[in-house]
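Chemist: Please read through the structure below; I'll follow up with questions.
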Amino acid sequence: MTTDSLSFPEAIAATQYLMEQITVNQLDEITIEQKISTIVNSKTGARGFFVAYLTSEIPLADFPSVGVINGLKSANDLVTELLVKNLAMSSAMTITHTLNNDIDNLEGSRKVSQRTSNLIKHLQLHSLTEELQKLESTIVTGNGDYKDFLTQWNYDPQQQQEILKAIANTLKSQNDL
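So this is what it looks like as C-alpha cells:
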C-alpha cells in the first residue's frame with residue numbers, strides 16, 4: 258500500500274501502531290523518521306498523523322524525538338499548514354469548551370494546543386514562523402492569507418484573541434531556544 262492510498266482512518270491507525278512501537282523501544286530514530294516521513298507525505302496522511310499523535314494518551318508528543326522531528330521536516334509544506342491551523346483551532350476551541358463548561362474537551366483542546374506549540378518550537382522551521390505571523394496579521398487586520406480559514410470556522414473575537422495568545426506564546430518559546 259502506498260501512502261497516497263492511505264485513507265484518513267488508515268493514517269490514524271498507522272500512527273497509533275507506530276507510537277506503540279516507539280513506546281516499547283522497538284524502533285531506532287532513523288526508522289522512526291522514515292515511517293513518519295512515509296505517513297506525512299500526503300495531506301490525508303499528515304492529517305491522520307496529527308490527529309493520532311496530538312490527541313494520544315501516550316505522552317510521546319510532549320517530548321518529540323529527533324526521528325519524529327526529522328520525519329515531520331520531510332513534508333515541510335504540509336506540516337507547516339497543518340500545525341498552524343491545529344494551533345489556531347485547538348486554541349479557539351478552549352474558549353468554546355470553557356463557555357460550555359465542557360471540562361473533558363477543554364483539557365483535550367489544551368493538550369493539543371500545547372503539543373502543537375511544542376512541535377512548532379522543536380521543528381524550528383522558518384516557514385512555521387512566517388505562517389504564524391501571517392495568521393496573526395490576518396486576525397489583527399481582518400485581511401490576509403488566513404481570512405478564508407478564519408471565516409470558514411467563524412471564530413469570534415474572543416476566540417481570535419486566544420489564537421493570538423497561542424501564537425505569541427509559541428513564537429516566544431521559539432525565540433527562547
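Numbering (my numbering), first residue to last: 258 to 434.
Here a beta-carbon is modelled for each residue, glycine too, at the ideal position from N, C-alpha and C.
Just so we're clear, the structure is a prediction, and the values are computed from it rather than from any experiment.
1) Alpha carbon to alpha carbon, how far is I287 from E419? Give it in angstroms, no decimals.
2) Just mark G399 as buried or exposed, buried being the case when its beta carbon has 16 or more other beta carbons within 10 Å.
3) Span of the alpha helix (DSSP H) holding N333?
4) Compare the C-alpha of L421 against each of L382, T295, S374 and S384 and name the closest.
5) Given this structure, state the Cα-to-Cα distance separating E338 from S313, to the nearest angstrom.
6) Counting only the same chain and skipping the five closest in sequence on each side, list residues whose C-beta sits under 6 Å from that of T259.
7) Would you report the Cα separation of S455 and N298, rounded to the nearest angstrom?
8) Answer yes or no: does any C-beta atom of chain D fall closer than 8 Å to that of T398?
9) Looking only at C-alpha atoms, which of Q417, Q416 and A271 sits nearest to G302?
10) For the alpha helix (DSSP H) containing G365, list its first residue and its last residue.
11) Run through DSSP, which three-state label would L421 get?
Modeler: Reading it off the structure:
1) 37 Å
2) With fewer than 16 other beta carbons inside 10 angstroms of its own, G399 counts as exposed.
3) N333 to L356
4) S374
5) 21 Å
6) With a pLDDT of only 45 at T259, under the threshold of 50, the placement of this residue in the model should not be trusted; the figure read from the coordinates follows. Closer than 6 Å at the Cβ level, and outside the excluded window around T259, lies no residue.
7) This structure cannot speak to residue 455, because the chain is shown only from 258 to 434.
8) Included in the structure is just one protein chain, with no chain D present.
9) A271
10) I360 to L380
11) helix
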